[in-house]
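J.:
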Amino acid sequence: MDEPAISVTGLAKSYGEIEAVCGIDFEVARGETFGFLGPNGAGKSTTINMLCTLARPTSGSARVAGFDVVAERDRVRRNIGLVFQDTTLDNYLTAEQNLRLHAELYGMPRETIAPRMKTVQEMLQLWERRDSLVGTFSGGMKRRLEIARGLLHSPRVLFLDEPTIGLDPQTRSSIWSYISSLGREQDITIFLTTHYMDEAEYCDRIAIIDRGKIVVLDTPEALKASVGKDRVQIHTDDDEATIAALRERFGIEARMAEGVVTFGVAEGEQFVPRLFDEWDPAHPPIRSVSVARPSLDDVFMSYTGSTIRDAEAGSTDMMRNMARMMSR
Amino acid sequence: MATESTVPPTPAALASGSGSAPAHEIPGLHVPSRSVRGELRAIRAVWRRELIRFSRDRLRILTSLVQPFLFLFVLGTGLSTLVSSSTHGVSFRTFIYPGVLCMAVMFTAMFSAASIVWDREFGFLREMMVAPVRRSSIVLGKCFGGATVAGFQGVIVMAIGPLVGVHYTLGLALEIFALQLLLAFSITAFGMMAAARVTQMQSFMALMQMAMMPMFFLSGALFPVNKLPAWLGVLNRIDPLTYAVDPMRRAVFAHLDIAPLARRALDPGVTWWGWHVPGLLEAAVVAILGLVMLAVAIAEFSSVE
Ligand SMILES: Nc1ncnc2c1ncn2[C@@H]1O[C@H](COP(=O)(O)OP(=O)(O)OP(=O)(O)O)[C@@H](O)[C@H]1O
Ligand SMILES: [Mg+2]
């Protein structure tokens, strides 16, 4: 019973030349909500696929709900619920038919199926639409139905691969309220992936994953505290000259992030007056300055050297992602 | 199929079954360990999904009737003016009817098998693949579903038999029904086997077209299989569809009241090195091929990640 819900040691997966996941270790305690945060192509989905027995690890091992993902596939499968990154619903069946098929595949005792279907559909506010074809559902409703389906057989561990991608902010926050209430009220462990920083804040702990490696793993608060710096961004007409000026005059290593000169300092508010006092008229004039408290973006930046959006912009997966979002 | 009898529910299952306070139920108890009953339920669930989807697809039922009608009434009627001298008074339409029935079943079965390619494309295959049941149950359910759908289509084509001079007795109807169901199953198994490897819809359809057309033309659906030039005779005997068309034609002709000469000319039966292959053996050939392909399909789906 004290065994962690998920424990992973040296887990790796390569597809030919590509090392999608290169040796990761972590543990997730029972009842915890654990987030995997990383840019496109970081290896998040690959990790989930290995944990849910759909992909065989190249090396390393993992246990989920107390069972080995390679040797005890079936037991793992019986104990997990899954929401994949791309929808896996049958559009030509009604919501209820989708759920019933799932219940049959998972061999749920017959007499529990109907009440349990009602429970999950009510919880995710789908009860009124239970007889509609899934093809007529909006993206948010489909996502909710998938979560309902993942919960139907009362799994011990629920995997959510980017549960809110492509949804509007309102739907995102409502899905998050379901997820957090799940973690609180039921003894269920949640493993999720996201590349929205604000969503990672909902997790008990997060791991930042970049190019197949876990860069850092801690609670969101501890991570933010570890950065300990405010983020300052300066707009001028000449970014190159500005970076050079910051280096000479203040000894600060600034870099470009999201198209703006960006750097971290311990006390942002006190730094700004000093900046203007000492800014040489020969330097390009400052158009605007912004100061922000450390966020997970800064955590990401300080550990990986780029912001998550920049990491994604450089990735060819971006196109795939956009296509996916538009097709929703 | 699984029986409807209920197992005694565990106390925990009952407690959560009441629908109240799911907060303190013991998670994971809803999914029992793997059993024959569980596999049968999975097979039936997958099978039922195919039927639900088919019943929603009225257009497909209709469009797949176009081809048999064209063959029977356009090609059949047109050619009968040309071949009437050599059919000994038997309508050419009656002659090609068994072959056309096989073709209709074959194409429907192929489309049914194609649905697994769509399932992969739209992700639903993953939902089935990750379920705690054997992959073989998923493949079997798909295969039975496809065969049922194709068999249903076959029944519709069976129903137009009287229009082309095939008048059913109960025995004949049952015989034809069983044969076409067998064919439906084997072709679906063939499609599933191909779908395990070919993941793109266009390639799958092209491949199927490439396999189906020669199979149909070589099978003797449109001509008697004796007196063929040697090369065509060999190809005809290799073609699996031959062994579905021939027993069906035999059954139909057994119920026609015609001269022995006409029977010998139009329904000569398939021979292996001069030996007349009995109908039951022909059906067995179709069945065994189907089972072999099903086994290959199961093996392939079980090994993919
Ligand atoms: N089946 C596959 N065959 C080959 N390469 C693969 C396969 N699946 C994933 N990859 C590669 O593995 C790497 C990690 O992919 P993965 O899908 O795990 O990323 P991700 O973190 O989920 O990204 P995203 O945010 O875009 O979903 C990528 O470079 C990807 O191209
Ligand atoms: Mg992913």
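Residue numbers (the numbering used here), protein chains in the order written: chain A, 1474 to 1801; chain B, 2 to 306.
Even glycine gets a Cβ: it sits at the ideal position worked out from N, Cα and C.
(1) In the DSSP assignment, find the unbroken beta strand (DSSP E) run with C1495(A) in it and report its ends.
(2) Anything with a beta carbon under 7 Å from a heavy atom of ligand 2 counts; list them all in chain order.
(3) Just to confirm, does G124(B) get its C-beta within under 7 Å of one of the non-hydrogen atoms of ligand 1?
(4) Span of the alpha helix (DSSP H) holding R1728(A)?
(5) Any Cβ of chain B within less than 8 Å of the Cβ of E1577(A)?
(6) Taking any Cβ of chain B, which residues in the stretch 1555 to 1572 of chain A have a Cβ under 8 Å from it, in chain order?
(7) Listed in chain order, which residues of the stretch 1541 to 1555 of chain A have Cβ atoms closer than 7 Å to some Cβ of chain B?
(8) So, at 7 Å on beta carbons, what are the nonlocal neighbours of Y1776(A) in its own chain, with the 5 sequence-adjacent residues on each side left out?
(9) If I measure Cβ to Cβ from V199(B) and keep anything under 8 Å in the same chain, skipping five residues before and after, which residues do I get?
(10) What is the DSSP secondary structure of A132(B), reduced to helix, strand or coil?
(11) Between F153(B) and chain A, is any beta-carbon pair separated by less than 8 Å?
(12) Spell out a yes or no on whether the stretch 157 to 176 of chain B and the stretch 228 to 244 of chain B are touching, meaning 3 or more CB-CB pairs, one atom from each, closer than 8 Å.
(13) List the residues of chain B that C1495(A) touches, going by C-beta distances under 9 Å, in chain order.
(14) V181(B) and G152(B): beta carbons closer than 8 Å?
(15) Would L1527(A) count as contacting chain B if we go by Cβ distances under 8 Å?
(16) Is A1680(A) helix, strand or coil by DSSP?
(17) Please list, in chain order, the chain B residues whose beta carbon lies closer than 7 Å to that of L1574(A).
(18) Would a C-beta distance cut-off of 8 Å place K143(B) and V37(B) closer than the cut-off?
(19) Work out the CA separation of D1604(A) and Y1651(A) for me, nearest whole Å.
(20) Helix, strand or coil for K143(B), going by three-state DSSP, please let me know.
(21) For L323(B) versus M213(B), is the C-beta spacing smaller than 8 Å?
(22) For a contact meaning CB atoms closer than 9 Å, what does G1533(A) contact in chain B?
(23) For G1511(A), is the beta carbon positioned less than 7 Å from some heavy atom of ligand 1?
(24) State the Cα-Cα distance for the pair G1504(A) and L1696(A), rounded to the nearest angstrom.
(25) Do V140(B) and T95(B) count as a contact pair if the criterion is CB distance below 8 Å?
(26) Please tell me whether, using a cut-off of 7 Å, the distance from the CB of I1491(A) to the nearest non-hydrogen atom of ligand 1 is below it.
(27) A1765(A) lies in the beta strand (DSSP E); which residues open and close that run?
(28) Which value, in whole angstroms, describes the spacing of the CA atoms of V293(B) and M111(B)?
(29) Taking 7 Å as the line, does the beta carbon of Y1669(A) fall inside it for any heavy atom of ligand 1?
(30) Does any residue of chain B bring its CB to less than 8 Å from the CB of G1613(A)?
(31) Between Y98(B), M216(B), T109(B), which lies nearest to L164(B) when the distance is taken from Cα to Cα?
(32) Taking 8 Å as the cut-off, does the stretch 1762 to 1774 of chain A touch the stretch 1734 to 1748 of chain A (at least 3 CB pairs, one atom from each stretch)?
(33) Under 8 Å, do G1516(A) and G1724(A) count as touching if we go by C-beta distance?
(34) Name the chain A residues whose beta carbon is nearer than 8 Å to that of I53(B)?
(35) Of all the options I1491(A), F1507(A), A1538(A), which has the alpha carbon lying nearest to the alpha carbon of T1519(A)?
(36) For L1562(A), name the three-state secondary structure that DSSP assigns.
T.: Here's the rundown:
(1) For the purposes of this step, residue 1495(A) is identified with residue 22 of the first sequence, where counting begins at 1. 1491 to 1501 is the span of the beta strand (DSSP E), which, as asked, contains C1495(A).
(2) The answer, residue by residue, is K1517(A), S1518(A), Q1558(A), D1634(A), E1635(A), T1666(A).
(3) Translated into the one-based positions of the second sequence, residue 124(B) becomes position 123. Not under cutoff, so the answer is no.
(4) What you label residue 1728(A) is simply residue 255 of the first sequence in a count that begins at 1. Premise fails: R1728(A) lies in the beta strand (DSSP E), 1728 to 1730, not in any alpha helix (DSSP H).
(5) As a position in the first sequence, residue 1577(A) is number 104, starting the count at 1. So yes, E1577(A) belongs to the interface.
(6) L1555, F1557, D1559, T1560, T1561, L1562, D1563, N1564, Y1565, L1566, Q1570
(7) For the stretch 1541 to 1555 of chain A, which is checked against every Cβ of chain B, the residues closer than 7 Å are D1547, R1550, R1551, N1552, L1555.
(8) Taking the first sequence and counting its residues from 1, one reaches residue 1776(A) at position 303. Taken in chain order, the residues that qualify are I1681, V1688, V1689.
(9) Reading the second sequence from its first residue, position 198 is the one you call residue 199(B). For V199(B), where only same-chain residues beyond five positions count, the Cβ hits under 8 Å are V118, F205, L208.
(10) Position 131 of the second sequence, counted from the first residue, corresponds to residue 132(B). It is coil, neither helix nor strand.
(11) What you label residue 153(B) is simply residue 152 of the second sequence in a count that begins at 1. Chain A places no beta carbon closer than 8 Å to that of F153(B), leaving this residue out of the contacts.
(12) Because the criterion of three Cβ pairs below 8 Å is not met, the stretch 157 to 176 of chain B and the stretch 228 to 244 of chain B do not touch.
(13) For the purposes of this step, residue 1495(A) is taken as the residue at position 22 of the first sequence. Within 9 Å Cβ-Cβ: nothing; C1495(A) doesn't reach chain B, min ~19 Å.
(14) As a first step, residue 181(B) must be located in the second sequence, where it is residue number 180. As a first step, residue 152(B) must be located in the second sequence, where it is residue number 151. The identity of residue 181(B) in the sequence shown is Gln, whereas the question assumes Val. In this structure, G152(B) lies closer than 8 Å to Q181(B) by Cβ.
(15) Against the first sequence, residue 1527(A) aligns to sequence position 54. Chain B, which has a Cβ nearer than 8 Å to the Cβ of L1527(A), makes this yes.
(16) Stepping through the first sequence from its first residue, residue 1680(A) is reached at position 207. Three-state DSSP puts A1680(A) in a strand.
(17) The residue given as residue 1574(A) occupies position 101 in the first sequence. Here the neighbours are A46, R50.
(18) In the second sequence, residue 143(B) corresponds to position 142, counting from 1. In the second sequence, residue 37(B) corresponds to position 36, counting from 1. No, Cβ-Cβ distance for K143(B) and V37(B) is not below 8 Å.
(19) Here residue 1651(A) refers to the residue found at position 178 when the first sequence is read from its first residue. Here residue 1604(A) refers to the residue found at position 131 when the first sequence is read from its first residue. Within the model, the alpha-carbon separation for Y1651(A) versus D1604(A) is close to 22 Å.
(20) Here residue 143(B) refers to the residue found at position 142 when the second sequence is read from its first residue. Looking at K143(B) - three-state DSSP - the assignment turns out to be helix.
(21) An answer regarding residue 323(B) cannot be provided, because it is not within the stretch 2 to 306 covered by chain B.
(22) Numbered from 1 along the first sequence, position 60 holds the residue referred to as residue 1533(A). Neighbours of G1533(A) on chain B: none; closest Cβ ~16 Å, over 9 Å.
(23) For this step, residue 1511(A) is matched to residue 38 along the first sequence. Within the cutoff, so yes.
(24) By 1-based counting over the first sequence, the position of residue 1504(A) is 31. By 1-based counting over the first sequence, the position of residue 1696(A) is 223. If you take the alpha carbons of G1504(A) and L1696(A), they lie about 21 Å apart.
(25) Translated into the one-based positions of the second sequence, residue 95(B) becomes position 94. Translated into the one-based positions of the second sequence, residue 140(B) becomes position 139. Against a cut-off of 8 Å, the Cβ pair of V140(B) and T95(B) comes out as no contact.
(26) The count along the first sequence starts at 1 and reaches residue 1491(A) at position 18. Yes - ligand 1 has a heavy atom lying nearer than 7 Å to the Cβ of I1491(A).
(27) Residue numbering aside, residue 1765(A) sits at position 292 when the first sequence is read from its first letter. Element bounds for A1765(A): 1759 to 1765.
(28) The residue you call residue 293(B) lines up with position 292 of the second sequence. The residue you call residue 111(B) lines up with position 110 of the second sequence. Computed Cα separation, rounded: 17 Å.
(29) Here residue 1669(A) refers to the residue found at position 196 of the first sequence. No, since every heavy atom of ligand 1 falls outside the 7 Å radius drawn around the Cβ of Y1669(A).
(30) Indexing the first sequence from 1 puts residue 1613(A) at position 140. So no, G1613(A) is outside the interface.
(31) Walking along the second sequence from the start, residue 164(B) turns up at place 163. Taking only the C-alpha atoms, the option nearest L164(B) is Y98(B).
(32) yes
(33) Here residue 1516(A) refers to the residue found at position 43 when the first sequence is read from its first residue. Here residue 1724(A) refers to the residue found at position 251 when the first sequence is read from its first residue. Result no, Cβ atoms of G1516(A) and G1724(A) do not sit closer than 8 Å.
(34) Looking up residue 53(B) in the second sequence gives position 52. Near I53(B) (Cβ distances below 8 Å), the residues of chain A are Y1565, L1566, Q1570.
(35) As a working mapping, residue 1519(A) is identified with position 46 in the first sequence. T1519(A) has its Cα closest to that of I1491(A), out of I1491(A), F1507(A), A1538(A).
(36) Within the first sequence, numbered from 1, the residue matching residue 1562(A) stands at position 89. In the structure shown, L1562(A) sits in coil (DSSP, three-state: anything other than H, G, I, E or B).
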